[in-house]
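Each remark here refers to the structure printed beneath this line.
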Amino acid sequence: MSFPLLTATAVLPAVGAIATAAVPAAKRTVAKWLALLFSLATLALAITVLVRFDPDGDRYQLTESHSWIADFGVRYELGVDGIAVALIALTAVLIPFIVLAGWHDADPLETGSSRWRPTQGFFALILAVEAMVIISFEATDVFLFYIFFEAMLIPMYFLIGGFGDRAHEHGEKAAATQRSYAAVKFLLYNLAGGLIMLAAVIGLYVVAGNFSLTEIAEARASGELNMATSTERWLFLGFFFAFAVKAPLWPLHTWLPNAMQESTAPVAVLITAVVDKVGTFAMLRFCLQLFPEASKWATPVILVLALISIIYGALLAVGQRDIKRLIAYASISHFGFIIMGIFAMTSQGQSGATLYMVNHGISTAALMLVAGFLISRRGSRLIADYGGVQKVAPVLAGTFLIGGLATLSLPGLAPFVSEFLVLVGTFTRYPVIGIIATFGIVLAALYTLVLYQRTMTGPVKPEVSAMPDLRVRELVVVAPLVVLLIFLGVYPKPVTDIVNPAVKQTMSDVQKQDPRPEVEAAK
Amino acid sequence: MSATAVHSLWTTAADPISKIDAPKIEYGQLAPTLIVVGAAIVGVLIEAFVPRRSRYYAQTFVSVVALVAAFAAVVALAADGYGTTKAGIAAMGAIAVDGPALFLQGTILLAALVGLFTFAERRLDPAAHGNRVDSFAAQAASVPGSESEQKAVKAGFTTTEVFPLLLFAVAGMLIFPAANDLLTLFVALEVFSLPLYLLCALARRKRLMSQEAAVKYFLLGAFASAFTLFGIALLYGYAGSMSYGTIAQVVDGTVQNVTPALADTMGNDALLLVGAALIVMGLLFKVGAVPFHMWTPDVYQGAPTPVTGFMAAATKVAAFGALLRILYVVLPGLRWDWRPVMWGVAIVTMLGGAIVAITQTDIKRLLAYSSIAHAGFILAGVIATSPDGISSVLFYLAAYSFVTIGAFAVVTLVRDAGGEATHLSKWAGLGRRSPLVAAVFAVFLLAFAGIPLTSGFAGKFAVFKAAAEGGAAPLVVIGVISSAVAAFFYIRVIVLMFFSEPRPEGPTVAVPSPLTMTAIGIGVAVTVVLGVAPQYFLDLAGQAGVFVR
Numbered sequence: 001m002s003f004p005l006l007t008a009t010a011v012l013p014a015v016g017a018i019a020t021a022a023v024p025a026a027k028r029t030v031a032k033w034l035a036l037l038f039s040l041a042t043l044a045l046a047i048t049v050l051v052r053f054d055p056d057g058d059r060y061q062l063t064e065s066h067s068w069i070a071d072f073g074v075r076y077e078l079g080v081d082g083i084a085v086a087l088i089a090l091t092a093v094l095i096p097f098i099v100l101a102g103w104h105d106a107d108p109l110e111t112g113s114s115r116w117r118p119t120q121g122f123f124a125l126i127l128a129v130e131a132m133v134i135i136s137f138e139a140t141d142v143f144l145f146y147i148f149f150e151a152m153l154i155p156m157y158f159l160i161g162g163f164g165d166r167a168h169e170h171g172e173k174a175a176a177t178q179r180s181y182a183a184v185k186f187l188l189y190n191l192a193g194g195l196i197m198l199a200a201v202i203g204l205y206v207v208a209g210n211f212s213l214t215e216i217a218e219a220r221a222s223g224e225l226n227m228a229t230s231t232e233r234w235l236f237l238g239f240f241f242a243f244a245v246k247a248p249l250w251p252l253h254t255w256l257p258n259a260m261q262e263s264t265a266p267v268a269v270l271i272t273a274v275v276d277k278v279g280t281f282a283m284l285r286f287c288l289q290l291f292p293e294a295s296k297w298a299t300p301v302i303l304v305l306a307l308i309s310i311i312y313g314a315l316l317a318v319g320q321r322d323i324k325r326l327i328a329y330a331s332i333s334h335f336g337f338i339i340m341g342i343f344a345m346t347s348q349g350q351s352g353a354t355l356y357m358v359n360h361g362i363s364t365a366a367l368m369l370v371a372g373f374l375i376s377r378r379g380s381r382l383i384a385d386y387g388g389v390q391k392v393a394p395v396l397a398g399t400f401l402i403g404g405l406a407t408l409s410l411p412g413l414a415p416f417v418s419e420f421l422v423l424v425g426t427f428t429r430y431p432v433i434g435i436i437a438t439f440g441i442v443l444a445a446l447y448t449l450v451l452y453q454r455t456m457t458g459p460v461k462p463e464v465s466a467m468p469d470l471r472v473r474e475l476v477v478v479a480p481l482v483v484l485l486i487f488l489g490v491y492p493k494p495v496t497d498i499v500n501p502a503v504k505q506t507m508s509d510v511q512k513q514d515p516r517p518e519v520e521a522a523k
Numbered sequence: 001m002s003a004t005a006v007h008s009l010w011t012t013a014a015d016p017i018s019k020i021d022a023p024k025i026e027y028g029q030l031a032p033t034l035i036v037v038g039a040a041i042v043g044v045l046i047e048a049f050v051p052r053r054s055r056y057y058a059q060t061f062v063s064v065v066a067l068v069a070a071f072a073a074v075v076a077l078a079a080d081g082y083g084t085t086k087a088g089i090a091a092m093g094a095i096a097v098d099g100p101a102l103f104l105q106g107t108i109l110l111a112a113l114v115g116l117f118t119f120a121e122r123r124l125d126p127a128a129h130g131n132r133v134d135s136f137a138a139q140a141a142s143v144p145g146s147e148s149e150q151k152a153v154k155a156g157f158t159t160t161e162v163f164p165l166l167l168f169a170v171a172g173m174l175i176f177p178a179a180n181d182l183l184t185l186f187v188a189l190e191v192f193s194l195p196l197y198l199l200c201a202l203a204r205r206k207r208l209m210s211q212e213a214a215v216k217y218f219l220l221g222a223f224a225s226a227f228t229l230f231g232i233a234l235l236y237g238y239a240g241s242m243s244y245g246t247i248a249q250v251v252d253g254t255v256q257n258v259t260p261a262l263a264d265t266m267g268n269d270a271l272l273l274v275g276a277a278l279i280v281m282g283l284l285f286k287v288g289a290v291p292f293h294m295w296t297p298d299v300y301q302g303a304p305t306p307v308t309g310f311m312a313a314a315t316k317v318a319a320f321g322a323l324l325r326i327l328y329v330v331l332p333g334l335r336w337d338w339r340p341v342m343w344g345v346a347i348v349t350m351l352g353g354a355i356v357a358i359t360q361t362d363i364k365r366l367l368a369y370s371s372i373a374h375a376g377f378i379l380a381g382v383i384a385t386s387p388d389g390i391s392s393v394l395f396y397l398a399a400y401s402f403v404t405i406g407a408f409a410v411v412t413l414v415r416d417a418g419g420e421a422t423h424l425s426k427w428a429g430l431g432r433r434s435p436l437v438a439a440v441f442a443v444f445l446l447a448f449a450g451i452p453l454t455s456g457f458a459g460k461f462a463v464f465k466a467a468a469e470g471g472a473a474p475l476v477v478i479g480v481i482s483s484a485v486a487a488f489f490y491i492r493v494i495v496l497m498f499f500s501e502p503r504p505e506g507p508t509v510a511v512p513s514p515l516t517m518t519a520i521g522i523g524v525a526v527t528v529v530l531g532v533a534p535q536y537f538l539d540l541a542g543q544a545g546v547f548v549r
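Protein sequences, first through last, are from chains A and B.
Numbering of the first sequence is given in UniProt numbering, commencing with residue 1 and proceeding in unit increments.
Numbering of the second sequence is given in UniProt numbering, commencing with residue 1 and proceeding in unit increments.
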C-alpha cells in the first residue's frame, strides 16, 4: 500500500490543532510557533501533492478508498482532480500567512485566569479549519464531503465569535454583542443550508444506493441509474442551496459582511479566501457531475442571480464606510463572477472560474491582511478616520494599492486573467449577461480607487501621523502574496495547465461543448 | 348468542386438578430482569437491616454489581445467538427474547449504570452538618421547611431508598420493550412508572417544585395508564387474546375465532381501532410526543437532575421499544390506518418541540423540549415500517441516551448558593471560567443539534434515511427544517457560554467525584465514537432488528 498522501495532508493540520491546543497557558509563543510549523509542514505536503499530480493522467489521482460506514453506503474515498489540487495548494499557501498575520490577534488582554487560553484556541481553530477544508476538497464521497462541509462551521463559528478587533467605536461590550451576532448569523445561515443539503443527501442515497461520486457519475453516464427529472431537480436544488449560502450568492449573502466585519482580518481571509471556496468548488464537483441535466435546467436563473451578485455587491461596496465591509461586498461581487463562470458551461468560463477561485484567494488575502494591519494601527475600521497614510507609511500604502488593483483586476495582476476568461466564456454563450457583467469591473475600479484615495492620499490626518510602517513580520506576510499576484498575472500557465483537463472532464459530464465561433456567411 | 356460548361465559367444564401444569420459566433467558429485581429486593432488605451509615456504600455496591451482572447476562444471551440466529418467547409467552429486546435491554442497563453514578454523587452539595449529601431529600416524608426536615438534615439522613427504586424502575423498563402480551406490557409500565413518580419527588433543593412535578407526573401518568388499560381491554375484546402474536393474526385475518365466548365482539373493527389508538396513546405519553408531552417540561425541571437524566434516557428507550413492538408485531396489518396518524404526531412533535424550546430560559426545560423534538425524529424512523426503520431507531436511542445523561450530569455541576443554577442567564461566560466543562457541554449540545462527527448526526441520518426509503420524504424535509430550528437554541446556549461576559456573582462549577466524572466521560466517549465510527454499532442494531412473533 502506498503512502496515503491525501490523508496525511488533511490529518497533519488536525494533529497540529490538537498539539497547539494542548500547549500550557503560559507558553503562548510556543503555541504560535507550533501552529506556524504545522501550517508550513502542511504546505510541504500540499506541494508534494502538486508535484505528484499528473495533469494529463487519470481524472482522480492519489486515490484512497476504505470502507467506513457500510450501513449508509459511505466510504472513505479521497481523490484529487486538477481543480482540487489547485485549491488545496491555495489553502496550504494561505494558512501560514494567516497564522503569521494573526500573530498578536489573540493575545489575552489580561493574564488573570490561568485556564482561559485564547491564543492556543485561536491557532488550533485555524488549523482545524484548514484540516476540514482540505479534506472537503479531497473527498470523492458525497457523505464524507458533507460531514466536513458541516463540521467546519463549528471552528469557524468560534473564530468569528470569539476573536475580534481590539478597538471598536462603541466599546468592548458592544463589540462582543456584534461579534456574537455575526457568529450566530454565520452559523444559522450555513447550518440551514447544510440541513437542506442533508435532505438532498439522503434523497441521493435513496435514489442511487451509495455516495461514491465516481460510481454515481458512471452509473448515470451508462444509463444504469435513471433519475426522474423532477427528482434530479429537487436534489440539485438541495445541494445548490447549501453551496450558494456558503459561496455566497445573492440573496443568501447577508451573513458574509457581518462575519467579515466583526472577525479579525486573518479570520476574514480564512472565511472568504478559503472556506467559501468550498462552496464554489462543490458546485463544480458535485452539482455539475451528479446532476448535469438539472444544472443545465437551472443555468438561466443561476446566471441571473450571479449577475445580481456582481452588480449588487459592487454597488454596495461603493457605498460602504467600513473598510472590511467594503472588502466583503467586493468579495460577493467576485463570487458572482466565479459562479457565473461555472454555470456559463464553457471551458473558458470554468477554467476562468477555477483560476478566479485561486486568484481571488490571493488578492483578497493581500488586501484584507494589509487592511487589517492598517486597522490595528489606528484602531478603527471606518474609512473616514484615515487620510494621507501613504506619506507616513509608504510601504503599507503601496501594498494596499497592489491588493486593491488586483481586486479591480488590473491587467498584469493575477485576477485579470481569470476575470477575462470568465467574461469571454460567458459572452460566447450568453452575450447579454456577459456585457452587463462587465459593468462590475467598472464599479470595482470605483470602489477600490475611492477607498485608496480616501484612506491613503490627501492631507495627513493627525491621528495617523505617527503611524508606523509595515514591520518585518507583516512584510513577510504581504511580500510573497504580492509576488504571487504579479507572477500569476504574467504567467498563469502553471495553474491553467493543472486545471484545464479537469474542466474538460466536467464539461463532458454535462455534455456541453463550447459554442463554435460563428462566422457570418458571405453571400 | 347461543345458550352454550352464554353459559360458557361464567362456567367451565371442570378438569382434574392434575392437568394444571406448573408454568415453565426459562430462567436463563429472563436472567437480566431477574438479577435486577433480585438486587432491588436485596436493596429493600438493606434499608431494613443495615445500619444507616453503611447503607449508602452497600446500596451503591449492590446496584452497580446488579446492573453490571444484568448487562453481562444480556451480552451472554446475545453471544448465545438470541436476537441474531434464534429468538425465544419465554415465561409462557409473556416475554420475547429477541434482537430488539436484547439491544434495548443492554442500552437501558448501560444508561442506568451511568445514571446510577450521578445518583451516587455526594461531593456537589456542601456537606450539611458534617455529613456528605447527595441530590435527594434527607427524609422524603417530612414536610418541606418543617422542623422534622431540619432534624433529618441535622442527623445526616440520606434517602438511600433511591437505589432500590432505581433498580425497580430499571426492571420494569427491561420488561417493557420485551413484553409479548398486553398484560405483561401493562404490568411493566406500572412497575417502572411508580418508582419514577416517587423519585421525581425527592429533590433535596426546591422540594415543593419537585413534589409538584411528581404529582403532575403521577396524575397525568395515571391517566395515560388508564387509557392504555382500557385499550388493552378493547383489544382483548377484539382479538380474544392478550398475546401479541395471536392479536396480529386476528388483525391479519389468518385466525378467525379464538374464544367462543367472545364471538360477538371478535373482529369488530371499532374495538380494534379504538383499542389500538388508546394503547399507542399511552405509549406516546411515555415517550413525550406532542400532544401528550405536557408533563415533560415541568417534570424534567422539578425532578432531581440525576433522575431527570436517567428518566429522559431510559424511559424513552423502553417506551420506544414497546411502541416499536406494538406497531411492528401486533399492528402491522393496521399500518395503513396508523401511519397517517403517526405522520401527524411526528410532524407536530418535531416542530412543536423545536419551536417551543426557543423561548425557554431554564436549561432543564430547554433540554425537556429538546427531548420532545428528538422524540419526533425517532418517530420518523418508527414510521418507516422497515427493518432499517427498526435498526435506525435502536441506534438513535442508544446514541441519544448517553448524550442526555451526560448533558444532565453537566447540569448538576453548575451551581450557586441555591443549588443547581439552571437559569440560562447564569450560564453566561461559563466558557471563560471553566473551559473544560463548557466544552464538554458544547459537545453534547452539538450532538443534540446533529452536527456531523457526533453520535447525534449518525442517529439522525439513520432515521431520516430509513424514513426516506419508506417513502416519507416530506417527513424528512420537515425533520431537517425542525433540526435547523432546534440548532438555533442549542447554539444560543453555546453563545452564552463562550461569547458572553461572565457575571460577577455567577455560579461556580463544582468539582465532582470520579462517579460523575465517569458518567460525563462515558457520555463524551460514546458521543464521539458513535459519531466517528458508528459502523460496528449500526451492524449491531442491524442484526438486532428482527422481532420475534
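The beta carbon of each residue, even a glycine, is placed where N, CA and C say it ideally should be.
Under a CB-based cut-off of 7 Å, is residue i close to chain B?
i: A/V206; result: yes
i: A/T29; result: no
i: A/A244; result: no
i: A/I216; result: no
i: A/A151; result: yes
i: A/D107; result: no
Between the options, which has its C-alpha nearest residue i's C-alpha?
i: B/S483; options: B/P512, B/V509 and B/P452; result: B/P452
i: B/Q301; options: B/I358, B/I363 and B/A318; result: B/I363
i: B/E47; options: B/T84, B/V75 and B/P164; result: B/P164
i: A/A46; options: A/K246, A/A89, A/F158 and A/G161; result: A/A89
Assuming residue i and residue j form a contact by the criterion Cβ under 8 Å, report the distance between their Cβ atoms to the nearest whole angstrom.
i: A/E64; j: A/T7; result: 6 Å
i: B/F192; j: B/A544; result: Actually they are not in contact, since the Cβ atoms of B/F192 and B/A544 sit about 21 Å apart, beyond 8 Å.
i: B/T422; j: B/S371; result: At roughly 15 Å, the Cβ-Cβ gap does not stay under 8 Å, so B/T422 and B/S371 are not in contact.
i: B/R123; j: B/P387; result: No, B/R123 and B/P387 are not in contact; Cβ-Cβ is about 46 Å, not under 8 Å.
Please decide whether residue i counts as near chain A, where near means a Cβ-Cβ distance under 7 Å.
i: B/Q150; result: no
i: B/L538; result: yes
i: B/I491; result: yes
i: B/K426; result: no
i: B/Q301; result: no
i: B/T135; result: With the sequence shown as reference, residue 135 of chain B is identified as Ser, and Thr is not the correct amino acid for it. No, B/S135 does not count as interfacial toward chain A.
i: B/F103; result: no
i: B/L387; result: Sequence check: residue 387 of chain B is Pro here, not Leu. It does not; no Cβ of chain A falls within 7 Å.
i: residue 590 of chain B; result: Given that chain B is displayed from residue 1 to residue 549, the structure contains no residue 590 of chain B and the question cannot be resolved.
Are there 16 or more other CB atoms within 10 angstroms of the CB of residue i, so buried, or fewer, so exposed?
i: A/K523; result: With a pLDDT of 45 at A/K523, under the threshold of 50, the predicted position of this residue should be treated as unreliable, and no value is reported.
i: A/P468; result: exposed
i: residue 553 of chain B; result: Lying before the first or after the last residue shown, residue 553 of chain B is absent from chain B, which here runs from 1 to 549.
i: A/V482; result: buried
Between the segment 443-462 of chain B and chain A, which residues of the former have a C-beta closer than 7 Å to a C-beta of the latter?
L446, I451, P452, L453 and F461
Chain A contacts from the segment 495-522 of chain B (Cβ-Cβ distance under 8 Å):
V495, F498, F499, S500 and E501
Interface residues of the segment 369-385 of chain B facing chain A [CB-CB below 7 Å]
none
Compile a chain-ordered list of the residues in the segment 174-186 of chain A whose CB is closer than 8 Å to at least one CB of chain B.
A176, R179, S180, A183 and V184
Along the segment 430-442 of chain B, what residues have a CB closer than 9 Å to any CB found in chain A?
G431, R432, R433, S434, P435, L436 and A442
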